[in-house]
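A.B. asks:
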Amino acid sequence: MIKKVKLLVVGDGGVGKTTLVKKFIRIRQGENVAKFANNEVKPTVGLEVETVDLEEVRVIIWDFSGQQRFKETFPDRLLRGAKVAIVVFDVSRVKTLQSAGEWAERVKSVNNDIKFVLVGNKIDLGKKVPQEMIDNLVKRLNAAYVETSAKEGVNVVKPFEEALRWV
Ligand SMILES: Nc1nc2c(ncn2[C@@H]2O[C@H](COP(=O)(O)OP(=O)(O)OP(=O)(O)O)[C@@H](O)[C@H]2O)c(=O)[nH]1
Ligand SMILES: [Mg+2]
Numbered sequence: 046m047i048k049k050v051k052l053l054v055v056g057d058g059g060v061g062k063t064t065l066v067k068k069f070i071r072i073r074q075g076e077n078v079a080k081f082a083n084n085e086v087k088p089t090v091g092l093e094v095e096t097v098d099l100e101e102v103r104v105i106i107w108d109f110s111g112q113q114r115f116k117e118t119f120p121d122r123l124l125r126g127a128k129v130a131i132v133v134f135d136v137s138r139v140k141t142l143q144s145a146g147e148w149a150e151r152v153k154s155v156n157n158d159i160k161f162v163l164v165g166n167k168i169d170l171g172k173k174v175p176q177e178m179i180d181n182l183v184k185r186l187n188a189a190y191v192e193t194s195a196k197e198g199v200n201v202v203k204p205f206e207e208a209l210r211w212v
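For the sequence shown, my numbering assigns the number 46 to the initial residue and increments by one for each residue that follows.
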């Protein structure tokens with residue numbers, strides 16, 4: 046029986062979660078992501094679930110909408126049973142780091158033993174969030190930290206590698 050792992054991808058609206066997930070999946074499928082049109086990705090409605098089979102595990106990726114309205118209304122049980130969470134923020138917008146902290150707390154409240162990978166995406170736009178704030182959240186969550194540009198295809202696989210290292 047193949048082991049199944051539920052992996053959450055959460056964070057504020059528009060930080061690049063779906064772009065990251067889709068590019069990771071394309072790379073796994075051996076496709077050239079340079080051909081990936083970024084405008085293929087639309088804001089997530091509710092939640093999108095994708096499955097990736099790796100050598101020893103089947104990874105079920107739950108890519109949540111970061112929109113406020115969805116965040117306020119979806120039931121916690123959708124988060125249940127997850128082993129790892131990739132929490133994404135946008136390094137050019139401080140507010141998204143605060144949201145990342147809130148998302149992580151909520152995830153933790155239903156999955157006590159969950160492991161976190163914090164992702165600072167949109168590094169191509171330049172980092173405007175103070176490193177100290179990032180370090181504080183990393184410490185608080187006992188998380189791994191990866192900086193990415195999902196748009197430019199930089200470091201897209203790394204967050205998933207870090208996340209799956211623990212399963
Ligand atoms: N500059 C830049 N833009 C990015 C990057 N990653 C994603 N984007 C853009 O940011 C916008 C939002 O990307 P999505 O992947 O839809 O973001 P999301 O976090 O899934 O958003 P929701 O589903 O609404 O929660 C799109 O226009 C992307 O092309 C990046 O690394 N750099
Ligand atoms: Mg999305």
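Idealized CB from N, CA, C, for every residue including glycine. Since we're looking at a predicted model, the values are computed, not measured.
Where does VAL132 sit, in a helix, a strand or coil, going by DSSP?
C.D. replies: If DSSP states are grouped into helix, strand and coil, VAL132 belongs with the strands.
A.B. asks: Quick one: Cα of ASP169 to Cα of THR141, how far?
C.D. replies: Using only the alpha carbons, I get a separation of about 16 Å.
A.B. asks: Give the C-beta separation of PHE115 and VAL54 to the nearest angstrom, bearing in mind that I take them to be a contact with Cβ-Cβ under 8 Å.
C.D. replies: With 8 Å as the limit, PHE115 and VAL54 do not qualify as a contact, their Cβ atoms being about 14 Å apart.
A.B. asks: Give me every residue whose Cβ sits closer than 5 Å to any heavy atom of ligand 2, in chain order.
C.D. replies: Those residues, listed in chain order, are LYS62, THR63 and THR89.
A.B. asks: Verify the contact flag: GLY75, CB atom, against every heavy atom of ligand 1, threshold strictly below 7 Å.
C.D. replies: The answer is no for GLY75.
A.B. asks: Kindly indicate the opening and closing residues of the alpha helix (DSSP H) around LYS67.
C.D. replies: 62-73 is the extent of the alpha helix (DSSP H) around LYS67.
A.B. asks: Is LYS196 close to ligand 1? I mean its beta-carbon at under 7 Å from any heavy atom of the ligand.
C.D. replies: True, at least one ligand heavy atom lies under 7 Å from that Cβ.
A.B. asks: Is the closest heavy atom of ligand 3 to the C-beta of ASP169 under 7 Å?
C.D. replies: With respect to ligand 3, the structure shown offers nothing to examine, as its ligands consist of ligand 1 and ligand 2.
A.B. asks: My assumption, with CB atoms under 8 Å, is that VAL164 sits in contact with PRO204. Please give the rounded CB distance.
C.D. replies: That belief holds up - the Cβ atoms of VAL164 and PRO204 are roughly 5 Å apart, short of 8 Å.
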